[in-house]
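Asks: Let me give you the structure first, and then I'll get to my questions.
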Amino acid sequence: MGNQFAPSADQKKQSSLRDRCCDRLVPGCSAVVKDVIKPKRRNPFFMIKPTSGMCALAFLALMSCALLQGVQARVVEEFSHADSCKDSLYMGTPPRGFISSSLRKICQRYGNKPRYVTLYDASKHIPVYSGYTFKKSDGEMRVDVPWMFEPQLASPKSSSNMEPFLTTLNPHMNIDDTQAVLEDYANTVQYERGQLNPAVHQADQLDKVATYTLTNVVPQSKEFKTGSWAKYLDLIRRRLNNYCQGTAYVVTGVTTTGHTIHRKNVDRITVPEYLWSAYCCTKFDQNAPYTERYKFPTFAAYGLNNRANNHVVEVSLQNLEAFIKERMEVDNLQIFYDNCMI
441 MGNQFAPSAD
451 QKKQSSLRDR
461 CCDRLVPGCS
471 AVVKDVIKPK
481 RRNPFFMIKP
491 TSGMCALAFL
501 ALMSCALLQG
511 VQARVVEEFS
521 HADSCKDSLY
531 MGTPPRGFIS
541 SSLRKICQRY
551 GNKPRYVTLY
561 DASKHIPVYS
571 GYTFKKSDGE
581 MRVDVPWMFE
591 PQLASPKSSS
601 NMEPFLTTLN
611 PHMNIDDTQA
621 VLEDYANTVQ
631 YERGQLNPAV
641 HQADQLDKVA
651 TYTLTNVVPQ
661 SKEFKTGSWA
671 KYLDLIRRRL
681 NNYCQGTAYV
691 VTGVTTTGHT
701 IHRKNVDRIT
711 VPEYLWSAYC
721 CTKFDQNAPY
731 TERYKFPTFA
741 AYGLNNRANN
751 HVVEVSLQNL
761 EAFIKERMEV
771 DNLQIFYDNC
781 MI
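Residue numbering for the sequence shown is 441 to 782, as defined by the working numbering.
Here it is in structure tokens:
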């Protein structure tokens, strides 16, 4: 008769992931962690006695790895299935018309739960857009979590788990070929990492954590990111908090022409010329002031990703689509199914 308490294959896999993660953060710490969690002796003092000068770091590594074990992202063929993040999209339908052979669809998952979608350009090393549902939020910006990357962009047979960038060399040797890495942002004085699905538009801590992946990030001018774009994100947060009475679907993206960030004399990341965003909320407060009510069920905006002249312009959804068509190659572009008509 088999041991009913024996670890399953999934548990063994997670344990192995934890050990690899811990040992990358603190060499040799997995043995320390195992000994502390399941001590060889029952002496209670032994349970808290450090077996290494880095035992405290081992505990921190374990906690970080335990958190990150729940992070998953998958490269998928379509977003149209429930396990492929379709609930992040209005009517389960992704934006239509973005064309390029280098585009990859990513279902961003955390804790075995789909969180949002990203259309990623593996040649320019930036997302074209991220689509998500807005959660009523207090505008909290950050959580203490490492930046992550998508292994399946490097190899379809890689783990579906989104993995953290760590201090040691990553085993996915061709990761640089398909996506941005932390080194690409290391010496960029003018630009910062800007999330397309921003943590400030999420309420649950797990939803916030899932936004901290470089597949959800583009280079943003510091002045634009912390100035007019931050003000716009807060404006939309307050508007949807106050007047959207149902689910608000948001798609935030970029125009993919612009400057390029170089590393070691190699083109690495395209700096988008513009950022844009649109929301769709079909159930809203009909008694809202007209200045807000006419911006439902859908409205949009765009802004120049630059140090100057970077004010954000709010426009209709149709005007945003016309704006995008003038600046990048698209075919029969439609951001929301049926233009978010009620």
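By construction, the Cβ of each residue, glycine as well, lies at the ideal position given by its N, Cα and C atoms.
Do V690 and P712 have their C-beta atoms closer together than 8 Å?
Replies: What you label residue 690 is simply residue 250 of the sequence shown in a count that begins at 1. What you label residue 712 is simply residue 272 of the sequence shown in a count that begins at 1. Taking 8 Å as the Cβ cut-off, V690 and P712 do not qualify as a contacting pair.
Asks: Sorted by chain position, which residues of the same chain lie with C-beta nearer than 8 Å to V753's C-beta, five sequence neighbours on each side aside?
Replies: By one-based count along the sequence shown, residue 753 stands at place 313. Excluding positions up to five away in sequence, the list reads A741, Y742, G743.
Asks: Ordered along the chain, which non-local residues of its own chain (more than five positions away) have a Cβ less than 6 Å from that of L715?
Replies: Against the sequence shown, residue 715 aligns to sequence position 275. Excluding residues within five positions, the ones whose Cβ falls inside 6 Å are V694, G743, N745.
Asks: On the criterion of 16 or more Cβ atoms from any shown chain inside 10 Å, does R678 qualify as buried, or is it exposed?
Replies: Position 238 of the sequence shown holds residue 678. Exposed is the call here.
Asks: Just reading off the alpha helix (DSSP H) that L675 is part of, what are its end residues?
Replies: In the sequence shown, residue 675 corresponds to position 235, counting from 1. Here the alpha helix (DSSP H) through L675 covers 668-683.
Asks: Which stretch, first to last residue, makes up the alpha helix (DSSP H) that contains V649?
Replies: Here residue 649 refers to the residue found at position 209 when the sequence shown is read from its first residue. Element bounds for V649: 645-649.
Asks: At the level of alpha carbons, what is the spacing between A728 and C721?
Replies: Here residue 728 corresponds to residue number 288 of the sequence shown, with the count starting at 1. Here residue 721 corresponds to residue number 281 of the sequence shown, with the count starting at 1. So the alpha carbons of these two residues sit roughly 14 Å apart.
Asks: In angstroms, rounded to a whole number, what distance separates the CA positions of S756 and T738?
Replies: If you number the sequence shown from 1, residue 756 lands on position 316. If you number the sequence shown from 1, residue 738 lands on position 298. Cα to Cα, S756 sits roughly 8 Å from T738.
Asks: Is the beta carbon of E580 closer than 8 Å to that of V640?
Replies: Looking up residue 640 in the sequence shown gives position 200. Looking up residue 580 in the sequence shown gives position 140. Contact: yes.
Asks: In whole angstroms, what is the alpha-carbon distance linking E603 and Y730?
Replies: Position 163 of the sequence shown, counting from 1, holds the residue named residue 603. Position 290 of the sequence shown, counting from 1, holds the residue named residue 730. Straight-line measurement puts the Cα of Y730 at about 46 Å from the Cα of E603.
Asks: Taking the alpha carbon of Q660 as the point to measure from, which residue in F605, F776, V629 has its own alpha carbon closest?
Replies: As a first step, residue 660 is located in the sequence shown; it is residue number 220 there, counting from the start. Ranking the options by Cα distance to Q660, first place goes to V629.
Asks: Near G634, what residues of its chain come up, given a Cβ to Cβ distance below 6 Å and the 5 sequence neighbours on each side ignored?
Replies: Numbered from its first residue, the sequence shown carries residue 634 at position 194. If we look at G634 and ignore the five residues flanking it on each side, its Cβ neighbours are V658, Q660, K665.
Asks: Does the segment 553-564 come close enough to the segment 534-544 that 3 or more CB-CB pairs lie under 8 Å?
Replies: yes
Asks: Identify every residue that forms a DSSP beta bridge with D707.
Replies: Along the sequence shown, one-based indexing puts residue 707 at 267. For D707, which the question treats as bridged, DSSP gives the partners H702.
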